[in-house]
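Numbering (the numbering used here), first residue to last: 38 to 223.
Where a beta carbon is used, it is the ideal one built from N, C-alpha and C, also for glycine.
This one's a predicted model, so the numbers in the text were calculated from it and none came from an experiment.
Below: one structure, written as structure tokens.
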């Protein structure tokens, strides 16, 4: 079918083809013009384009930055809480130091008579600390910040009140022991 189309095309264009040979000396004249042009070839110095490599470098840097932010180290819960509510870090620092001092004082006062009380208090403090960490996570997850911050402060106050109460009970136990010791010596 294609052969028929080609045959038909050649039949139709018959006689219109340029089949004549060029005039004599054509090739020599052509080579002469070609040789004359070789001496004066003007090369245009290609300007160095810095845009392309610069744009590639900028693209790579942008992709690296986005990748680092997406997959790089995530800030800790504490850092995220500080970003949400900066005053939390100061409050937490104050309360944590106060609690730590009272815990150390309680541990120093630990005797066989108060051992159970101290151990129970430390267990209760661990539960309260776990609750505090849960509140921090709730704050980071986007909960109502005023309510959560209030609950965080209440958690600290509860720990401090617990420690004050336990230290008071330890003092009472020591006083009772002293009174009992005095009554036996008389």
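With DSSP collapsed to three states, give me the class of residue i.
{"i": "residue 178", "result": "coil"}
{"i": "residue 54", "result": "coil"}
{"i": "residue 104", "result": "helix"}
{"i": "residue 139", "result": "helix"}
{"i": "residue 171", "result": "helix"}
{"i": "residue 191", "result": "helix"}
{"i": "residue 60", "result": "coil"}
{"i": "residue 150", "result": "coil"}
{"i": "residue 96", "result": "helix"}
{"i": "residue 20", "result": "Because residue 20 is not part of the residues shown, which for the chain are 38 to 223, the question remains open."}
If we count the other Cβ atoms within 10 Å of its Cβ and call it buried at 16 or more, is residue i buried or exposed?
{"i": "residue 256", "result": "There is simply no residue 256 to check, as the chain begins at 38 and stops at 223 in what is shown."}
{"i": "residue 169", "result": "buried"}
Could you check how far apart the C-beta atoms of residue i and residue j are, in whole angstroms? I think they sit under 8 Å.
{"i": "residue 143", "j": "residue 185", "result": "Not a contact, Cβ separation roughly 28 Å."}
{"i": "residue 136", "j": "residue 204", "result": "Not really, about 12 Å apart at Cβ, beyond 8 Å."}
{"i": "residue 210", "j": "residue 150", "result": "6 Å"}
{"i": "residue 134", "j": "residue 165", "result": "The pair is not a contact, with the Cβ atoms about 16 Å apart (cut-off 8 Å)."}
{"i": "residue 155", "j": "residue 167", "result": "Contact doesn't hold; Cβ gap of about 19 Å is too wide."}
{"i": "residue 162", "j": "residue 196", "result": "6 Å"}
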